[in-house]
Amino acid sequence: LEKKEDLLLLKHISVEFDGFKAIDDVTTSVAPHEIHFFIGPNGAGKTTLLDVICGKTKPSAGEVDYAGVGNILKLKEFEIVKKGICRKFQVPSTFVNLSVYDNMRIAINHDKSVFGSLMMRKRYLDTRKIFEVLHLVGLDKKSKETAKNLSHGEKQWLEIAMLLVEEPRLLLLDEPVAGMGQAETEKTARILEDIKDRCSVAVVEHDMDFVHSIADCVTVMHEGAVLTEGTSEEVLQDERVKEVYLGR
Ligand code: ADP
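Following my numbering, the numbering of the sequence shown begins with 5 at its first residue and continues without gaps.
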C-alpha cells in the first residue's frame with residue numbers, strides 16, 4: 005500500500021508560556037483530504053497546537069513542514085493564510101447586517117485589488133464560485149438573507165463557506181458543533197465530509213459522537229503530549245484514553 009504523503013507534518017513541537025510547557029515535544033501529521041480530530045481533556049494543548057499551525061503562537065522548538073512550502077514557522081499569520089491554511093475561530097466573524105451573499109463577496113475579495121474585482125469576467129467567476137460554495141454548505145437559497153437572521157448552525161456554515169472560497173488546503177476548526185442541536189450537528193458532519201474533496205480539515209472537538217461519526221484520524225492529547233493516535237475506534241478502545249477522560 006502506498007503511503008500518502010503528509011500535507012502537514014509537525015515535528016517535535018514544544019510551546020512554553022513563562023517556563024510552563026503547554027506543548028511538550030509533539031510530533032503528528034495531517035494527511036491530504038482527511039478529517040483529523042484533536043481531542044483530550046481541557047488544558048491538554050489542543051488549541052495551542054492549532055495556534056502553532058496557523059502561526060498565532062510560535063513554538064520554542066520544532067518544525068512545521070507544509071507540503072510544497074517547507075517549514076512555515078518563519079511565516080507570519082497572514083502569509084500562512086495566503087498559503088492555504090485557514091482557521092475558523094469560535095468567535096463570530098461575519099458581518100451581521102450584511103446578506104449571506106455580501107459576506108461571501110467580502111471573503112472572496114478581501115485580499116485582491118479593487119481593479120481586479122471590478123472586471124466583469126472576474127465578477128462572473130466569483131459569483132459562480134460563491135454559489136457553488138454556498139450550495140455545499142446548504143445556504144445557496146439563503147443568499148439574500150441578512151446574516152444575523154440565520155440560525156446558529158447556519159452562521160457557522162456561512163463562516164466555513166467564507167473560508168472555502170479562498171480555496172484552502174487545510175481548514176482549522178475550533179469546536180465547530182458547539183451549541184448545535186443534533187440535526188445541525190449531523191448536517192455539519194455531512195458538510196465536513198463533502199469538504200474533504202477539496203482540502204484537509206483539522207478539528208479540535210469535545211463532542212465524541214461527532215468525532216466518531218466522521219473522523220479519519222484522531223490524535224488524543226494529554227498534558228501537552230500526544231497520548232495516542234489512530235482511527236476513532238482504535239483510540240476510544242485504548243485504556244489510557246479512557247483513564248484520562250475518567251480522571252478529568
Ligand atoms: P486545550 O485546548 O486542550 O484545552 P490549551 O491549548 O488551551 O488546551 O492550553 C494548554 C495549556 O496551556 C493550559 O494549561 C493553558 O492554561 C496554557 N495556556 C494556553 N495559552 C496560554 C497563554 N497564552 N499563556 C499562558 N498559558 C497558556
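In this text, a Cβ means the ideal position worked out from N, Cα and C, and glycines have one as well.
Please go through the same chain and pick out, in chain order, the residues whose beta-carbon is closer than 6 Å to the beta-carbon of residue 83, but skip the five residues on each side of it. Taking the first residue of the sequence shown as position 1, residue 83 is located at position 79. Same-chain partners within the cutoff: there are none.
For the segment 155-166 and the segment 186-197, state whether three or more C-beta atom pairs, one from each stretch, are separated by less than 8 Å. These segments touch.
Proximity to residue 142 [Cα-Cα], best of 123, 79, 38, 198: Against the sequence shown, residue 142 aligns to sequence position 138. That would be 198, whose Cα lies nearest to the Cα of residue 142.
Below 8 Å on the Cβ atoms is my guess for residue 263 versus residue 244; work out the distance and round it to an integer in Å. This structure cannot speak to residue 263, because the chain is shown only from 5 to 252.
By how many angstroms is the C-alpha of residue 135 removed from the C-alpha of residue 150? Here residue 150 refers to the residue found at position 146 of the sequence shown. Here residue 135 refers to the residue found at position 131 of the sequence shown. Cα to Cα, the separation comes out at about 16 Å.
In the structure shown, what three-state DSSP assignment does residue 75 receive? Numbered from its first residue, the sequence shown carries residue 75 at position 71. Here DSSP, grouped into helix, strand and coil, assigns residue 75 to strand.
Which value, in whole angstroms, describes the spacing of the CA atoms of residue 226 and residue 161? Working through the sequence shown from its first residue, we reach residue 226 at position 222. Working through the sequence shown from its first residue, we reach residue 161 at position 157. Linking residue 226 to residue 161 through their CA atoms gives a straight-line distance of about 30 Å.
What's the C-alpha gap between residue 252 and residue 46? Residue numbering aside, residue 252 sits at position 248 when the sequence shown is read from its first letter. Residue numbering aside, residue 46 sits at position 42 when the sequence shown is read from its first letter. For residue 252, the predicted model reports a pLDDT of 48, less than 50, meaning its position is unreliable and no value from the coordinates is stated.
Residue 218 to residue 207 span [Cα, whole Å]: Within the sequence shown, the letter at position 214 stands for residue 218. Within the sequence shown, the letter at position 203 stands for residue 207. Their Cα atoms are separated by approximately 11 Å.
Collect the residues with a C-beta less than 5 Å away from any heavy atom of ligand 1 and give them in sequence order along the chain. Chain-ordered list of matching residues: 21, 26, 46, 47, 48, 49, 50, 51, 52.
Assigned secondary structure, residue 9 (DSSP; H/G/I helix, E/B strand, else coil): Working through the sequence shown from its first residue, we reach residue 9 at position 5. Here residue 9 sits in coil by DSSP.
Own chain partners of residue 133 with C-beta closer than 8 Å, once the 5 adjacent residues on each side are dropped: Along the sequence shown, one-based indexing puts residue 133 at 129. So the qualifying residues of the chain are 112, 169.
Does the Cβ-Cβ distance between residue 81 and residue 50 come in under 8 Å? Position 77 of the sequence shown holds residue 81. Position 46 of the sequence shown holds residue 50. The Cβ-Cβ distance between residue 81 and residue 50 does not fall below 8 Å.
Going residue by residue through the segment 44-68, where are the continuous alpha helix (DSSP H) segments of at least 4 residues, counting only ones entirely within it? With a minimum length of 4 residues, the continuous alpha helix (DSSP H) runs that stay inside the segment 44-68 are 50-57.
Given a cut-off of 8 Å, decide if residue 104 and residue 147 are closer than it, judged by their beta-carbon atoms. Start at 1 with the first residue of the sequence shown, and residue 147 comes out as number 143. Start at 1 with the first residue of the sequence shown, and residue 104 comes out as number 100. Contact check for residue 147 against residue 104 passes: the beta carbons are separated by less than 8 Å.
According to the neighbour-count rule (16 or more other Cβ atoms, all chains shown, within 10 Å of its Cβ), is residue 64 buried or exposed? Residue numbering aside, residue 64 sits at position 60 when the sequence shown is read from its first letter. By the Cβ-count criterion, residue 64 is exposed, with fewer than 16 other Cβ atoms from all chains shown falling within 10 Å of its own Cβ.
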